[in-house]
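Let me begin by presenting the structure, written as structure tokens, before commenting on it.
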Amino acid sequence: MDRRTFLIASASSLAIAGLVGCTDQRPPTPSPTATASPTPALVPTPAAFRRTAWSTDPFSRGAASFYATGSNPDDRATLQTAVEDRLFFSGEAVSANPGTVTGAIGSGRAAAQQVADLAAVGERIGVIGAGAAGLAAARALADAGFEVVVIEARDRIGGRIATYESDDWPFPIELGASFLQNGTGDPLVEELKNGGLTVRALPETVETRAPDGAVVEQSPVPAEVVAEAVAWAAAGRRDVSVDTAIADSGAGEVSTTGAISEADWLAQYLQTQLAADVGAPADELSAWYGVSEQAGDGQIVLGGMMAVLEREAEGLDVVSSSVVTRIVHTEAGVSMRLATGQSLTVDRVIITAPLGVLKSSALEFDPPLPFGHRAAIDALGMGALEKVWLRFDEPFWQATTALWRTVGTETDFAMWVNLQPFTGDPVLMGIATGDAARRVAELTDDDVLRGALLSLEPFARP
Ligand SMILES: Cc1cc2nc3c(=O)[nH]c(=O)nc-3n(C[C@H](O)[C@H](O)[C@H](O)COP(=O)(O)OP(=O)(O)OC[C@H]3O[C@@H](n4cnc5c(N)ncnc54)[C@H](O)[C@@H]3O)c2cc1C
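Okay, here's the thing in structure tokens:
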């Protein structure tokens, strides 16, 4: 068999040059590669289209945190430690169940408890960010009798939960989180159901198609390659990235021949499975801590996740469209400077700004955060996920399964969820991960749409 070491760089180059979308938050930037892209011919023009750009969004700067090479669970534990009993960090990145809504809510409640244990009756508590963590923290503190003010940069609550509703769509679509990743045991399931939402199990079967439209059986090779590489790295003296482990362990010496080669399967696996949850690229993901067992079967939430946060926010003092730029803390309290130049003084503050924001210089701390906190923020990685939603007048596909993948194709959207089995509507959600997602976020709406339609072509073939 013709074998050679598989380089992850080739996996990255799999991703298409010119992909395409109706941006969630910001004006699209011109795509340098748009003219190089072929025109989609097999998939009809959708009746409605929506895309995201979380990676370039200044208030998220990515999708969710992951263990980058050299980081470890102590980094999250460090961030859970209060600074001078005045600053408290919370959010998915600080959670023991990172990258999830469930973890963010749990982290918000834990931070509220930390504050409640220290604060005197009548203290004023600030919460930066009205996402899942911030609203959970604020709710708990308000219910415990504290005066709470939530400062939110956007003109809406929800953060990385972003339900979108309009007449163009037959049901509310999720531009951010839409799945529960911890199986039926996820504590959020009951909360969502009590809120009138539907939670449906994702099927175990995934339909994978080759470029010619052939339905192909998922190869077991890539999971074996990654397991071998991770085992090799575990015996090493220092942490390396998953792609270094694959290359240096020899596990990545896979066949490059055949219509769909082992190398194609490996590239597809890294893009659609390893990076599926939080969008961590294999060349950044820690081989020691980054590859975890799936906690349980995935479930999809239907009906609009935002409803849960709207209930949580009822009666809270949420100041929206207010960007915190500087946090000054002293023995006496905390002052938050807003982008407008105004300041707000509180006794303590819970900071739920995403890791991507903390990594940037958008939020300044005076005095600077302790070394441990800065090192943790620097060490953890911020992954990338982007979504595209398409509604068609009629289904153009034969597949009846809800989960689709492609293999051997040059596409950024290698994973699709077919909503038809759940809602009866011809609506598809495409997901880009890792480097592909970062690239997609930079593209114009037209380029995102064209790329999405091209990536669906295997499903339009008989
Ligand atoms: C595309 C995508 C798909 C996802 N899919 C899933 C999924 O299926 N299941 C799942 O469990 N999780 C998923 N996640 C992750 C999940 O959405 C997050 O883990 C969770 O919502 C994070 O909540 P949070 O409160 O920690 O942060 P956020 O929701 O990001 O809240 C932080 C808030 O802080 C605000 N903020 C930022 N900077 C400032 C500032 N300077 N001043 C004031 N406010 C500021 C932000 O606007 C935001 O509202 C997904 C994420 C993305 C992007």
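Numbers in the numbering used here are just positions in the sequence shown, counted from 1, shifted up by 863. No residue lacks a Cβ here, since even glycine has one placed at the ideal position from N, Cα and C. These numbers were taken from a predicted model, which means no experiment stands behind them.
Rounded straight-line distance, which links the Cα of residue j to that of residue i
{"i": "residue 1179", "j": "residue 941", "result": "29 Å"}
{"i": "residue 1045", "j": "residue 961", "result": "11 Å"}
{"i": "residue 955", "j": "residue 1049", "result": "15 Å"}
{"i": "residue 1284", "j": "residue 1262", "result": "10 Å"}
{"i": "residue 1004", "j": "residue 972", "result": "9 Å"}
{"i": "residue 1220", "j": "residue 1325", "result": "46 Å"}
{"i": "residue 1276", "j": "residue 1306", "result": "13 Å"}
{"i": "residue 1108", "j": "residue 1154", "result": "12 Å"}
{"i": "residue 1150", "j": "residue 987", "result": "43 Å"}
{"i": "residue 1271", "j": "residue 1118", "result": "13 Å"}
{"i": "residue 1090", "j": "residue 1191", "result": "46 Å"}
{"i": "residue 1300", "j": "residue 913", "result": "15 Å"}
{"i": "residue 1010", "j": "residue 985", "result": "7 Å"}
{"i": "residue 1148", "j": "residue 1167", "result": "31 Å"}
{"i": "residue 1102", "j": "residue 1096", "result": "7 Å"}
{"i": "residue 1232", "j": "residue 981", "result": "20 Å"}
{"i": "residue 1246", "j": "residue 1237", "result": "19 Å"}
{"i": "residue 1123", "j": "residue 1138", "result": "21 Å"}
{"i": "residue 1309", "j": "residue 901", "result": "13 Å"}
{"i": "residue 1128", "j": "residue 948", "result": "50 Å"}
{"i": "residue 1160", "j": "residue 1133", "result": "19 Å"}
{"i": "residue 1079", "j": "residue 1131", "result": "13 Å"}
For residue i, the three-state DSSP class (helix, strand or coil)
{"i": "residue 1198", "result": "strand"}
{"i": "residue 1186", "result": "coil"}
{"i": "residue 1299", "result": "helix"}
{"i": "residue 1321", "result": "helix"}
{"i": "residue 1057", "result": "helix"}
{"i": "residue 1169", "result": "helix"}
{"i": "residue 1126", "result": "helix"}
{"i": "residue 1082", "result": "coil"}
{"i": "residue 1027", "result": "strand"}
{"i": "residue 948", "result": "coil"}
{"i": "residue 1162", "result": "strand"}
{"i": "residue 1315", "result": "helix"}
{"i": "residue 1174", "result": "helix"}
{"i": "residue 917", "result": "helix"}
{"i": "residue 826", "result": "With the chain represented from 864 up to 1325, any question about residue 826 goes unanswered, as that position is not in the structure."}
{"i": "residue 849", "result": "Beyond the ends of the chain as shown, which are 864 and 1325, falls residue 849; an answer cannot be given."}
{"i": "residue 1052", "result": "helix"}
{"i": "residue 942", "result": "helix"}
{"i": "residue 974", "result": "helix"}
{"i": "residue 1119", "result": "coil"}
{"i": "residue 1064", "result": "strand"}
{"i": "residue 927", "result": "coil"}
{"i": "residue 1148", "result": "strand"}
{"i": "residue 1075", "result": "coil"}
{"i": "residue 1037", "result": "strand"}
Whether residue i touches residue j by CB criterion (8 Å)
{"i": "residue 1279", "j": "residue 1293", "result": "yes"}
{"i": "residue 975", "j": "residue 994", "result": "no"}
{"i": "residue 1187", "j": "residue 1226", "result": "yes"}
{"i": "residue 1218", "j": "residue 1243", "result": "yes"}
{"i": "residue 1387", "j": "residue 1141", "result": "Any answer about residue 1387 is impossible in this case: the structure gives the chain only from 864 up to 1325."}
{"i": "residue 1112", "j": "residue 1092", "result": "yes"}
{"i": "residue 1224", "j": "residue 1016", "result": "no"}
{"i": "residue 1320", "j": "residue 950", "result": "no"}
{"i": "residue 1290", "j": "residue 1252", "result": "yes"}
{"i": "residue 1212", "j": "residue 991", "result": "yes"}
{"i": "residue 1304", "j": "residue 918", "result": "yes"}
{"i": "residue 903", "j": "residue 1313", "result": "yes"}
{"i": "residue 1043", "j": "residue 965", "result": "yes"}
Close beta carbons around residue i, own chain, < 6 Å, minus the five adjacent residues each side
{"i": "residue 952", "result": "942, 1214"}
{"i": "residue 1256", "result": "910"}
{"i": "residue 1260", "result": "1322"}
{"i": "residue 1200", "result": "1188, 1189, 1206"}
{"i": "residue 998", "result": "1172, 1175, 1176"}
{"i": "residue 1007", "result": "979"}
{"i": "residue 1202", "result": "1186, 1188"}
Contacts around residue i, its chain only, beta-carbon distance under 8 Å, and the 5 residues preceding and following it disregarded
{"i": "residue 1058", "result": "1170, 1171, 1174"}
{"i": "residue 1288", "result": "1033, 1034, 1254, 1282"}
Close Cβ partners of residue i (< 7 Å) along its chain, the five nearest in sequence each way excluded
{"i": "residue 1055", "result": "1062, 1164, 1171"}
{"i": "residue 1181", "result": "993, 1013, 1015, 1020"}
{"i": "residue 977", "result": "945, 951"}
{"i": "residue 915", "result": "887, 1038, 1249, 1250"}
Chain B within 8 Å of residue i, Cβ atoms only
{"i": "residue 1019", "result": "In summary, chain B is missing from the structure at hand, where a single protein chain is found."}
*Of all the alpha helix (DSSP H) runs that stay within the bounds of the stretch 1218–1275, which reach a length of 4 or more residues?*
1218–1222, 1234–1242
_Uninterrupted beta strand (DSSP E) stretches inside the stretch 980–1021 (no shorter than 3 residues)_ = 987–991, 1010–1014
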